[in-house]
Amino acid sequence: MKPPRAFFQPLAIGAPAPYAALPVRTERMIHFVPPHMEKVRAKVPQLISQVDVVLGNLEDAIPADAKEAARAGFVQMGQENDFGDTGLWVRINCLNSPWVLDDLMTIVPALKDKLDVIMLPKVEGAWDIHYLDQLLAQLEARAGVTKPILIHAILETAQGVKNVEEIAAASPRMQGMSLGPADLAASRGMKTTRVGGGHPGYKVLADADPASPDAPRAAYQQDLWHYTLARMVDACQTYGLKAFYGPFGDFSDTAACEAQFRNAFLMGCAGAWTLHPTQIDIAKRVFSPDADEVAFAKRILEAMPDGTGAVMIDGKMQDDATWKQAKVIVDLARQVAA
Ligand code: GLV
Ligand code: MG
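Residues in the sequence shown are numbered from 9 upward in steps of one, following our numbering.
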């Protein structure tokens, strides 16, 4: 019998992304679950109705002696549940780990078309994506998978950041990218022990008042992740991918989590990771456009039906460029409401 044709001619760089033909998904949060825990698996049916994406985590945070149980648990939760429009993703172990080959060889044939996206950690360059792309083509062809399995890269090493554009362009399978602040901090030699968010020591001091040079000066905390997020968003938008902020580890600080997510949203990200149930509503709120913003954006579109020219609305100038910004917001609102 003739083997089924692989979805992708590997490395068809520049070809239209096949995933463009797939339905546009709302992916405001990628919700992480540890699949080796039975009590967590039992909650998956309930979770499916609450989140946009359920991700089975096999990599960091899963102890070495639970890797096989996590892999088996993920297959079980994938087979037992109907995910409907909710995405089913997996974070596999990194490519130089002893577990990754078994992760792929087990999961692809077991879940076939149910699996939407593979999240690949610690991506350093295009070669990592090329390797996974080829391996997936082989596994899909062998298992008779009929829907392309997409790749999501975690940007979490200094070298990965250096190569972000080539990673984004590496394969038509690329769905998107997430910033991984914890591994990135280690890789860069940053002096922190946190999973995302700010640091009270990373700040600038306001100028001293010459009249009272010894008076306490205001200090403004800076965003540690701005540079990387901006590079990642530009690379993703250039190649038609989605950008995501990754994890926020201080579950007790919901205000700081919301601020970090909002920065990502305003900068162009589609969503963020949620590691704790309290973060789900935060992501839903932040990554859905605000009703007042949508109403204002609609006024811009209505005032400039063909998208050209200049008008004043509430004392502010609007033109072709703000029309495009307004369209981004209105389109997202429609997609979220659909
Ligand atoms: C995520 O994997 C991170 O390292 O932040
Ligand atoms: Mg990491």
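Glycine is no exception: its CB is placed at the ideal position from the N, C-alpha and C atoms.
In the DSSP assignment, what residue or residues form a beta bridge with residue i?
| i | result |
| --- | --- |
| V62 | H39, L96 |
| T350 | Since the first residue of the chain shown is 9 and the last is 346, residue 350 is not available in this structure. |
| V212 | Y228 |
| V319 | Q326 |
| L187 | L163, Y253 |
If the criterion is Cβ atoms closer than 8 Å, does the pair residue i and residue j meet it?
| i | j | result |
| --- | --- | --- |
| I157 | M127 | no |
| A151 | K120 | yes |
| G279 | F252 | yes |
| L147 | V125 | no |
| G86 | D60 | no |
| V255 | G204 | In the sequence under discussion, the amino acid at residue 255 is Pro, which differs from the Val named in the question. Cβ atoms of P255 and G204: closer than 8 Å. |
| K250 | G184 | yes |
| L187 | L237 | yes |
| A416 | V338 | This structure does not reach residue 416, given that the chain is present from 9 up to 346, and the question cannot be answered. |
| D136 | R181 | no |
| G168 | E132 | yes |
| T34 | R79 | no |
| I70 | V62 | no |
| N171 | A134 | yes |
| I241 | F269 | Contrary to the premise, residue 241 reads as Val rather than Ile in this sequence. Contact flag unset, no. |
| V357 | Q343 | The displayed coordinates of the chain run from 9 to 346. Any statement about residue 357 would go beyond what the structure contains. |
| D217 | A223 | yes |
| A77 | H44 | yes |
| P357 | A341 | An answer regarding residue 357 cannot be provided, because it is not within the stretch 9 to 346 covered by the chain. |
| L109 | Y139 | no |
| N65 | R36 | no |
| A75 | W97 | In the sequence under discussion, the amino acid at residue 75 is Lys, which differs from the Ala named in the question. Cβ atoms of K75 and W97: not closer than 8 Å. |
| L143 | L112 | yes |
| R202 | G248 | no |
| D328 | G315 | yes |
| G209 | Q245 | no |
Our contact map puts residue i next to residue j with C-beta atoms below 8 Å; I'd like the distance itself, whole angstroms only.
| i | j | result |
| --- | --- | --- |
| F82 | L283 | About 17 Å separates the two Cβ atoms, so there is no contact after all. |
| E174 | S195 | At roughly 18 Å, the Cβ-Cβ gap does not stay under 8 Å, so E174 and S195 are not in contact. |
| W8 | I308 | One cannot answer for residue 8 here, as it falls past the ends of the chain, which runs 9 to 346. |
| V52 | N89 | 5 Å |
| A334 | M325 | Wrong, their Cβ atoms sit about 13 Å apart, outside the cutoff. |
| Q58 | I288 | 6 Å |
| A118 | A176 | Between A176 and A118 the Cβ distance is about 29 Å, and since that is not below 8 Å, they are no contact. |
contact_flag[the stretch 210-230, the stretch 256-270] where n(CB pairs < 8 Å) is 3 or more: These segments do not touch.
Could you give the uninterrupted runs of the beta strand (DSSP E) lying entirely in the stretch 112-185, keeping only those of 3 residues or more? Taking only runs of at least 3 residues, the beta strand (DSSP E) segments lying wholly in the stretch 112-185 are 125-128, 158-163.
Starting from the N-terminal end, write out each residue whose C-beta falls within a distance shorter than 7 Å of any non-hydrogen atom of the ligand PLP. The ligand content of the structure shown is limited to the ligand GLV and the ligand MG, which means the ligand PLP is not among them.
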